[in-house]
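Here is the structure we will look at.
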Amino acid sequence: MDWIDYRDKLGIGFSDIEKFQYLKQKVFNILEAIEENSESLEYLGFCNMTGAEINTYYLDDYRESERYDHIIRIIKSHSDTIKKFCLYYIAFVNTRGDKEYRKWGKIEFYNLIVKSLKESHIQFEVLQDGQSYFIFPKGAEELDDGLVSEPLMWLAEYPKAQRTYINALMQYSDGIYIRDVADNFRKALEEFLQEFLENSKNLESNISETGKYLKEHGAEKEISDVLVKLIDSYKKLNDKIAKHNDKVDKKFLEFLMYQTGVFIRMLIVVKNSDSDDL
389 MDWIDYRDKL GIGFSDIEKF QYLKQKVFNI LEAIEENSES LEYLGFCNMT
439 GAEINTYYLD DYRESERYDH IIRIIKSHSD TIKKFCLYYI AFVNTRGDKE
489 YRKWGKIEFY NLIVKSLKES HIQFEVLQDG QSYFIFPKGA EELDDGLVSE
539 PLMWLAEYPK AQRTYINALM QYSDGIYIRD VADNFRKALE EFLQEFLENS
589 KNLESNISET GKYLKEHGAE KEISDVLVKL IDSYKKLNDK IAKHNDKVDK
639 KFLEFLMYQT GVFIRMLIVV KNSDSDDL
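Put into structure tokens, the structure is as follows:
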């Protein structure tokens, strides 16, 4: 039982604002307690990424610890909302190098925010894009784990689709709710099917190919037919969005996001089941 659970048991709940304050204090307590440093290139990289003003005083070679302290102050000064705080913190993590002499490298600071978000009961997830990370707002935990995080991990074997899927997730997490995001989810599915089925057909042409693949690999006809119909409906919904411009309802994009995960998950599960039977 963590601190927030304990308070809830006593009938002393935490509001969302209090949870955010709790998160910040936990993180800054650690950031300020450890003795760390930042190299000049890391400092420059962080400031350039966030648009923060560089203080040339800190560029002298021997001011490693002062550069680190200045970065932490910049994060603090941009932590009035959870999105800003997470944005600046992740920028710090992404510009952090892994040096053998350090106790705290990129992975340690990544683990800190992941652990703190969980203990603060804040529904944000940190996802990985190559060597970088980004923050993603979570919905229902069961859905996000099964239909976002796991498919993203499995897409490592399908690099074109993974790149496009990550772009769509990053746009969604940044609050960009336009048809381009919906199109990126569609494009990610199209590229996944091309890589998975090893062809260059468009999404519409690969709908029937998907049905063939499922039947050939032991999927029940009813399941295969339902999935094919769902992919067809998915395509038609995206086509409908394409006729309109700019804003798309967030709930609709969330639906497309989870549906993309369903299709990817289903096909990879079938493929993995074949491998297990060998």
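Take the sequence shown: its position 180, counted from the start at 1, is 568 in our numbering, and no numbers get skipped. Using N, Cα and C, we set each Cβ at its ideal position, and we do this for glycine too. Just so it is clear, the structure is predicted and the values come from calculations on it, not from any experiment.
Reference residue i; option with closest CA among the options
i    : options                   : result
A440 : D449, H509 and R455       : R455
L429 : R451, Y553, E420 and L475 : R451
Y546 : E507, G563, Y560 and N587 : N587
F512 : F408, V658 and F651       : F408
I510 : R653, I442 and K414       : K414
Y394 : V616, S508, I422 and E579 : S508
A544 : G599, K617 and F584       : F584
E496 : I422, D396 and N443       : I422
E579 : K639, T648 and L615       : T648
I619 : K638, D449, G599 and S467 : G599
G518 : W492, S661 and K548       : K548
I463 : F416, K506 and K487       : F416
F434 : G399, A479, F402 and S621 : A479
Residue interval of the alpha helix (DSSP H) (run including residue i)
i    : result
L591 : L591 to E604
I523 : Looking at the DSSP string, I523 is not in any alpha helix (DSSP H); the run it does join, the beta strand (DSSP E), is S520 to P525.
H466 : Run containing H466: none; DSSP gives neither H nor E here.
M437 : S428 to T438
M541 : E538 to W542
T552 : P547 to S561
S504 : K494 to E507
Close-in-space but distant-in-sequence residues of the same chain around residue i (CB under 6 Å, 5 per side omitted)
i    : result
R567 : I629 and V636
L644 : A570 and F573
L602 : S612
N425 : E452, S453 and Y456
R653 : P539
V502 : V514
Nonlocal neighbours in the same chain, by C-beta distance under 8 Å from residue i, ignoring five residues either side
i    : result
E530 : Note that E530 scores a pLDDT of 43, beneath 50, so its modelled location is shaky and nothing firm can be said.
K623 : R574, L591, E592 and I595
K397 : M389
W542 : I652, R653 and I656
D449 : S428
C-beta atoms of residue i and residue j nearer than 8 Å
i    : j    : result
T438 : Y477 : no
N482 : Y521 : yes
Y560 : A576 : no
E411 : S504 : At residue 411 the sequence reads Leu, which differs from the Glu that was named. Contact flag set, yes.
Y565 : L641 : yes
V650 : A607 : no
G485 : E420 : no
Y431 : I459 : yes
K609 : E597 : no
L581 : L515 : no
I523 : C474 : yes
Boundaries of the beta strand (DSSP E) in which residue i is found, first to last residue
i    : result
V514 : F512 to D517
Close beta carbons around residue i, own chain, < 7 Å, minus the five adjacent residues each side
i    : result
I418 : L500
K526 : Q511, F512, E513 and D532
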